[in-house]
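Report on the structure given below.
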Amino acid sequence: MEKVFGRPKGLTEVPFSFCPGCTHGIIMRLIGEVLEELDIIEDTIGVSPVGCAGFSQDFFTCDFVGGPHGRAQAIGTGIKRALPDKIVFTYQGDGDIAGIGTQHAIHTAARGERITSIMVNNAIYGMTGGQMAPTTLAGMKTSTSPHGRDLVINGHPIDLPKTIATLDGAVYVASVSADSPKNIIQAKKAIKKAFQVQQAGLGFSFVSVLSTCPTNWGLSPQDSLQWLRDNMMPVYKLGELKVTEEVKNL
Numbered sequence: 002m003e004k005v006f007g008r009p010k011g012l013t014e015v016p017f018s019f020c021p022g023c024t025h026g027i028i029m030r031l032i033g034e035v036l037e038e039l040d041i042i043e044d045t046i047g048v049s050p051v052g053c054a055g056f057s058q059d060f061f062t063c064d065f066v067g068g069p070h071g072r073a074q075a076i077g078t079g080i081k082r083a084l085p086d087k088i089v090f091t092y093q094g095d096g097d098i099a100g101i102g103t104q105h106a107i108h109t110a111a112r113g114e115r116i117t118s119i120m121v122n123n124a125i126y127g128m129t130g131g132q133m134a135p136t137t138l139a140g141m142k143t144s145t146s147p148h149g150r151d152l153v154i155n156g157h158p159i160d161l162p163k164t165i166a167t168l169d170g171a172v173y174v175a176s177v178s179a180d181s182p183k184n185i186i187q188a189k190k191a192i193k194k195a196f197q198v199q200q201a202g203l204g205f206s207f208v209s210v211l212s213t214c215p216t217n218w219g220l221s222p223q224d225s226l227q228w229l230r231d232n233m234m235p236v237y238k239l240g241e242l243k244v245t246e247e248v249k250n251l
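All residue numbers in the sequence shown are consecutive under the numbering used here, ending with 251.
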């Protein structure tokens, strides 16, 4: 019998350890598929911080470097500058890249560092206890905002891809989602293009992927997907937010 579906070569045999319904595994699979399809596994170095995204180094077959919370892009920048022929990507949660590592995100994009960053946005700090994140929605309850995010006190959620898209050094910015087969297909296309941008040496590429966190949201996996659609999608616009002329010609 012909095998039509299997584990991509970009992923190890280690079983995913994420909570039931978490879409980290889907996103990692997409990256693993892209690494295989572009035949860049041996030439790629990933960088992960701590938190749920920190487990990524167990699941990819490419080389990986672990970094402190929020510092993955700084490390990725150093690796790329020292080894310019390598493909370098960071895999980070929204609290990591949009909170603790905001300064690195902004300046990595502003400098046009030729790396690729994948942000997993579930609007909350996952592994560290379900605290309010920079991306937490208005009125959303978390362990540190039990009455809901108060915009007067806590400010508005940060739409990081929209911010990154305003910076000249960023040449490709996309916001996608892992909630449905249709959107997962679009997510893979965006991730693949982001890596192709780096292969072409065009500048910084950034993809944000809307993801679920059933455990900290207090919802079932199925209800989490619908919550994402009803609440996150109206706030975080999906689509290619920035595609420079050079990228269009790829």
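From the three backbone atoms N, C-alpha and C, an ideal C-beta is built for every residue, glycine too.
Taken in chain order, the complete alpha helix (DSSP H) segments of 4 residues or longer contained in the segment 122 to 197 are 152 to 155, 161 to 165.
If you ignore the 5 residues before and after V89, its C-beta comes within less than 6 Å of the C-beta of I46, G77, I80, K81, I116, all in its own chain and listed in chain order.
In the DSSP assignment, L226 falls outside any beta strand (DSSP E) and within the unbroken alpha helix (DSSP H) covering 222 to 228. Going by beta carbons, C63 and C214 fall outside the 8 Å limit. The segment 40 to 54 makes contact with the segment 91 to 103: 3 or more CB pairs, one atom from each, lie closer than 8 Å. About 18 Å separates the beta carbon of F207 from that of L39, a gap too long to meet the 8 Å contact definition. Secondary structure note for E246: it is in no beta strand (DSSP E), and the uninterrupted alpha helix (DSSP H) holding it is 246 to 249. In the DSSP assignment, G77 falls within the alpha helix (DSSP H) that extends over 73 to 83. Per DSSP, the unbroken alpha helix (DSSP H) holding G26 starts and ends at 25 to 38.
In this structure, L138 sits away from N217, with a CB-CB distance that is not shorter than 8 Å. Nearest to V177 by C-alpha distance, out of I165, I192, T164, L168, is I192.
In this structure, F19 sits away from G11, with a CB-CB distance that is not shorter than 8 Å.
Here T13 carries a coil assignment [DSSP, helix/strand/coil]. For F56, the CB contacts under 7 Å within the same chain, skipping 5 residues up- and downstream, are S18 in chain order. When DSSP states are grouped into helix, strand and coil, D64 belongs to the strand group.
Judged by beta-carbon spacing, V174 lies beyond the 8 Å limit of A188, meaning their Cβ atoms are not closer than that value. Here K249 is exposed. Its C-beta has fewer than 16 other C-beta atoms within 10 Å.
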